[in-house]
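Just so you know, the protein sequences line up as chains A and B, in that order. Under this note's numbering, the first residue of the first sequence carries the number 2, and numbering increases by one thereafter. Under this note's numbering, the first residue of the second sequence carries the number -18, and numbering increases by one thereafter. Glycine is no exception: its CB is placed at the ideal position from the N, C-alpha and C atoms. Scroll down for the structure; my scribbles are underneath it.
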Amino acid sequence: MAKPDAPLLIFIGQPNCGKSTLFNSVAGHKAQTSNFPGTTVKHTHSLVNIDGRLLNVVDLPGTYSLHPSDPAEKVALRHLFLERPDIIVNVVDASILGRSLELTLELLEMGMPMVVALNMTDLAEKKGITVDAAKLSDLLGVPVVPTVAAHGRGVKELLEAAFHCLESPCRGEPPRWSAVVEAGVEKLMTSLPAEFPCIANTRFTAIQMIESGHLFCSEFLEDIHPDLKAVLDGVREDLAARRGLPAYEVIAAERHHLSQKLFEQSSRVQGRTKRSWSERLDDVLMHPVWGYPVLILVLLGFFFAIFKIGGPLETLLLKPFAGLKSALAAEFGSGLLFHLADGLLSGIGGGIAIVLPYFIPLLFLMALLEDVGYLARAGFLLDAFMHRIGLHGKSVSPFILGFGCNVPAIVSTRILESRRDRVLTSLLIPFIPCSARTTIILALVAVYLGPWWALGFYAANIVLVAVLGRVLSLFFKTESPGLILEIPSLKIPSLKSIALKIWFQLKAFALFAWPLLIGGSVVLGLIQALHGDAVINKALSPLVVGALGLPAALGVTLVFGFLRKELSLLIMLQALGVGYQQLLTVITTHQIVVFTVFVSLFIPCLSTFAVLWREVGRKIAFISAALSVTIAIVLSVLIRFLL
Amino acid sequence: MTTSIVQSPQGSALRIVDISGGESVRRRLFALGFNIGDDIELQAKGILRGPVLIRNRRTGVTAAVGRGIAQKIVVEVADGQA
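Structural data, given as structure tokens:
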């Protein structure tokens, strides 16, 4: 947390304005970025040393305004209000400056020292927009520094301006509204009791009270300050009567127009005759008809690329480990030492040779899709389909993220406005095959039955999610509020950003998942040496042998699968006592399918379970676990007898 | 003459006259920079009652809006070119 002597700098801006990229260039690669509105759903803290000066920097989720409409925006506001930053860096997207400045105007009202980072100036220029930073700085009364975060341009100047601002605070002039609004604000300001818990200053508090329906404890206001409540209601009614609009819209509309005016005063827009490459590409990507074949091609390409790269790599990497295993057997015989060493080898080797060959290409392609901005487009294309399963297009991004890992996917449901959508999406995400399950599907089904089988597996999985969504949505009484999603411009992804993302994930894998794989394998080695596996296998045999028709030795794999899904695969090999290449000598392809179906569905892994508990509550976490166990058993038994 | 944006011609300049939705929908659209009086255009319409794609001609912001909400955005043909 914050060191008391380091000034606190908060990055705030609208979604997708490049905040996290800018934060990364300052803080040294800690935030996740993407080209989808609302990737940063948590705040990120970092203490940085810039030329000997310490700065505590915080990256907040993007927020369109200071009136939150989803939990990610609420995180932003909570930190802005509670952390009492020494300085705010407001990141604005120069390519849509007219809209970006609306938040800037709200921040100016707070009267905190502020610097504006005029980001994505390169994209703006491509759109024919030239922003005069000096002019904008004059108009706003705070420093404005042009930046291109993706290339690290302007970052040094931005920090210099921030340090300068810390020494002699630059607060800017809060905007003035029309006489009607000003009169209302003035009236409310003078009515605020001295002990009233004001945020920032009385003017800001008054404006927020007029604009906000639910913030500022409006429910309790009547009990605590009945006089104030009467004044507030009077002001709101008066504004509404004079303008013929609800009070909250009166100030929003004035802010909107002032923001447009500031944009026009500070920028030059050149008409273009030629459409840019990204607009022409968008014509195809979001075409009501052609968009779908493209979407299918993208997903197919995604799948085959991972398989075509991962498969050969796996074979190549497995060779040395197979040799080592026979060397171990020769050295230690079959006692306790052999089992422990074998467990250790399986854990290390499995991580390197089975998991990473599929994991890395998957991470690369996910990062590519995110950074280009394809997720929002997929959200547009799949909205109609999502409505059929009781959701809307905004849930597409969490679902696609789920193919990487279910945990961040569930966290990212914070971008959804209604709790109903968050719960339903979170219940469905554990059924999306994540990278761990992709490893199992590719390493077992694709390798032993062929890639088309694996593809069919995915298709069936998506059908399952759809059917389940349809059924589950019947249990919710309320309707989904519907899609309102910004479509950001397509961007050429920066290799640096993609490399960073892969690095984050690999680091997390090496620090968390891999030790679990190694530990799990060693523990199994120990259990085998002590013949404990026989006990577990016997206990589970009604399920494993009776219902699923699998070798009894696989019972123990299910227990470990709860820790981490890949572990089931490693443990399966270890439990059956064969190398990966000799798998078909002990198990049939039919059994492989049943095993894969069961293992991929049967329970959310430990991390997913924990994050479900935290994000949507204990009840939903247990419902999710019960749901997946039931579905896994029913489906794998069906497949056993029908396929 | 006013119509819902769903019934409007694609690509031509339109002006938002009203958003007949509830407060949360109105606030969300305002937050994304689609206010009453703004010049916008309909860029695309999804098949199977899919969402529509609207663009604010002044700010350049593009947003996908579900069909149900889009039906509540009332527009008129804007006279001048934005």
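### Query
Got a sec: does the ligand FAD put a non-hydrogen atom nearer than 6 Å to the Cβ of residue 237 of chain A?
Among the components of this structure there are no ligands whatsoever, and the ligand FAD is therefore not found.
### Query
Taking DSSP as the reference, what is the three-state secondary structure of residue 551 of chain A?
Look at residue 551 of chain A here: in three-state DSSP terms it is coil, with no helix or strand label.
### Query
residue 455 of chain A: buried (16+ other C-beta within 10 angstroms of its C-beta) or exposed?
Buried, by the Cβ-count rule.
### Query
residue -10 of chain B CB to nearest chain A CB: under 7 Å?
no
### Task
With distances taken Cα to Cα, identify the nearest neighbour of residue 1 of chain A among A/162, A/497 and A/628.
Because chain A spans 2 through 644 in this model, residue 1 of chain A falls outside it and cannot be assessed.
### Query
Counting contacts by CB-CB distance shorter than 7 Å, is residue 13 of chain B in contact with chain A?
It does: the Cβ of residue 13 of chain B has a partner Cβ on chain A nearer than 7 Å.
### Task
Keeping to the same chain, check which residues put their C-beta closer than 8 Å to that of residue 564 of chain A; ignore five residues upstream and five downstream.
517, 521, 606 and 607
### Query
So, is residue 62 of chain B buried or exposed, given that buried needs 16 or more other C-beta atoms within 10 angstroms?
Confidence in residue 62 of chain B is poor, its pLDDT being 48 and thus under 50, which makes the residue's placement too unreliable to answer from.
### Identity of the residues DSSP links to residue 22 of chain B by a beta bridge
B/36
### Message
Spatial neighbours of residue 650 of chain A within its chain, please: C-beta separation below 7 Å, excluding the five flanking residues on both sides.
### Response
In the structure displayed, chain A extends from 2 to 644; residue 650 of chain A sits before or after that span and is not available.
### Task
Could you name the residues that DSSP lists as bridge partners for residue 269 of chain A?
DSSP output for residue 269 of chain A lists A/131 as bridge partner(s).
### Task
Inspect the CB distances between the stretch 7 to 27 of chain B and the stretch 254 to 268 of chain A and report whether three or more fall short of 8 Å.
yes
### Message
Looking at chain A, is there any beta carbon in it that lies within less than 7 Å of the beta carbon of residue -2 of chain B?
### Response
no
#### Entry: Below-7 Å beta-carbon distance, residue 416 of chain A vs any chain B residue
no
### Query
Out of curiosity, what's the CA-to-CA distance linking residue 124 of chain A and residue 49 of chain A?
29 Å
### Message
Counting only C-beta atoms, is residue 38 of chain B closer than 7 Å to chain A at any point?
### Response
no
### Query
In this structure, what does DSSP give as the bridge partners for residue 147 of chain A?
In DSSP, residue 147 of chain A forms a bridge with A/119.
### Query
Relative to the C-alpha of residue 459 of chain A, which residue among A/132, A/436, A/509 and A/507 is closest?
A/436
### Task
In the DSSP assignment, find the beta strand (DSSP E) that holds residue 55 of chain A and state where it starts and stops.
54 to 60
### Message
If the cut-off is 8 Å on Cβ atoms, which residues from the stretch 468 to 486 of chain A count as contacting chain B, listed in chain order?
### Response
For the stretch 468 to 486 of chain A, the beta-carbon criterion of a distance under 8 Å to any beta-carbon of chain B is satisfied by 482, 483, 484, 485 and 486.
### Inter-residue CB distance, residue 120 of chain A and residue 489 of chain A (contact presumed, cutoff 8 Å)
Not confirmed; about 13 Å, so no contact.
### Query
With a CB to CB cut of under 7 Å and the five nearest residues on each side skipped, what residues in its chain are close to residue 148 of chain B?
This structure gives no information on residue 148 of chain B, because the portion of chain B shown stretches from -18 to 63.
### Message
Contact defined as beta carbons within less than 8 Å: I believe residue 93 of chain A pairs with residue 101 of chain A. What is the distance between those atoms, to the nearest angstrom?
### Response
4 Å
### Task
Compare the C-alpha of residue 140 of chain A against each of A/262, A/11 and A/329 and name the closest.
A/262
### Rounded Cβ spacing between residue 433 of chain A and residue 403 of chain A (contact assumed at less than 8 Å)
Contact holds; Cβ gap of about 4 Å.
### Status (buried if at least 16 other CB within 10 Å, exposed otherwise) for residue 635 of chain A
exposed
#### Entry: Under 7 Å by beta carbon: chain B residues contacting residue 65 of chain A
12 and 13
### Run of the beta strand (DSSP E) containing residue 46 of chain A, from where it starts to where it stops
45 to 51
### Query
Given that a residue counts as buried once 16 or more other Cβ atoms are within 10 Å of its Cβ, and exposed if not, what is residue 394 of chain A?
buried
### Query
In chain B, what lies closer than 9 Å to residue 290 of chain A by C-beta?
28
### Query
Can you list the residues of chain B that residue 261 of chain A reaches, using a CB-CB cut of under 7 Å?
39
### Task
For residue 225 of chain A, count neighbouring Cβ atoms within 10 angstroms of its own Cβ and tell me buried if that reaches 16, exposed if not.
exposed
### Query
CB residue 573 of chain A to CB residue 590 of chain A, shorter than 7 Å?
Taking 7 Å as the cut-off, the beta carbon of residue 573 of chain A is found no closer than this to the beta carbon of residue 590 of chain A.
### Task
Look at residue 443 of chain A and residue 581 of chain A and say whether their C-beta atoms are less than 7 Å apart.
no
#### Entry: Where residue 169 of chain A falls, given that 16 or more other Cβ within 10 Å makes a residue buried
exposed
### Range covered by the alpha helix (DSSP H) that runs through residue 469 of chain A
452 to 474
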